[in-house]
Each structure stands twice: as structure tokens, then as C-alpha cells.
Amino acid sequence: MRAVPEEILRETAAAGEPPKGLTSSEFFFLLQRADRLDEKFTGEIREINRSVKELDERLTGQLKALDEKFTGEIREINRSIRALDEKFTGEIERLDTRIDGMEQKLMQKLGALQLWFIGTIITLLVGFGGIIASLLRQ
Numbered sequence: 000m001r002a003v004p005e006e007i008l009r010e011t012a013a014a015g016e017p018p019k020g021l022t023s024s025e026f027f028f029l030l031q032r033a034d035r036l037d038e039k040f041t042g043e044i045r046e047i048n049r050s051v052k053e054l055d056e057r058l059t060g061q062l063k064a065l066d067e068k069f070t071g072e073i074r075e076i077n078r079s080i081r082a083l084d085e086k087f088t089g090e091i092e093r094l095d096t097r098i099d100g101m102e103q104k105l106m107q108k109l110g111a112l113q114l115w116f117i118g119t120i121i122t123l124l125v126g127f128g129g130i131i132a133s134l135l136r137q
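Structure (C-alpha cells):
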């Protein structure tokens, strides 16, 4: 038996007329059945593809909306962080200035205390020296 190209058999099956002398009626029935299943599955695949595309579009829209929302919230948080940073930087600078002033005053007082202590020691030494000298002269 001569081989009939599959495309001719499909076209014949789609037309609904069995080819005369080319194939048996069982084969023609199976061919028509395969053609109907092919159409059915092709339709279902198209429907699934459409559903997937709709779902993809919906999810993409939701992702864009979330991205915009979170981007806005992140910008607001960054603004708040910058404001707090500026506030705390100002407070730190103010405290640094105050600490520097207190440190200078403390250093001045410590310097004055050192001079007073040195003066007291010298006075005591001179005084004891004078007492010892007067005791030695006697």
C-alpha cells in the first residue's frame, strides 16, 4: 500500500468524507477523532494561554502598584531618617560645643589650682626654711 501524506489525511478527516480507496473506515474514524481532539486541545491550550496572560497582566499590575506604594513609603522613611539625622547632628554639635567649653573652663581651673598648689608648697618650704634657719641661728 502506498503511504498517504498525513496532511492529506487530516484535510480529508476535517472534511468529514472518507477517502475512497485510500484508507479503511476504522482508520478514517480514528483520524477524525484525532482531528477533533486536536481541535479541542488546541482550544483548551489557547484558553489556558489566555488565562495565563490575564493572570500575568493582573499580577504585573499588582506588582507595579506595590512597587509604587513601597517606593513612596521608602521615600517617606528616607525623609524622616534625614530629618532625624539633621536634628541629631545639630544636637551632637551643640553638645560638643558645650563639652569643649566645659573642658576649657576645667583646664583653666586646673591650671589655677596647680599654680595655687605650687605657690602653697613654695610658701611652706620658704616658711619651714625660715624656721629652720632661725633655729640654727639660735
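For reference, each letter of the sequence shown is one residue, going 0 to 137 in numbering that gives the first Met the number 0.
Virtual Cβ for every residue (Gly too), placed ideally from N, Cα, C.
Burial check for Leu-134: the Cβ neighbour count within 10 Å stays below 16, so the residue is exposed.
Between Asp-99 and Val-125, the alpha-carbon positions lie close to 39 Å from each other.
Under the three-state reduction of DSSP output, Ser-23 falls in the coil class, being neither helix nor strand. Here the alpha carbons of Glu-38 and Leu-58 stand approximately 30 Å from one another. Val-51 and Arg-74 have their C-alpha atoms spaced approximately 34 Å apart.
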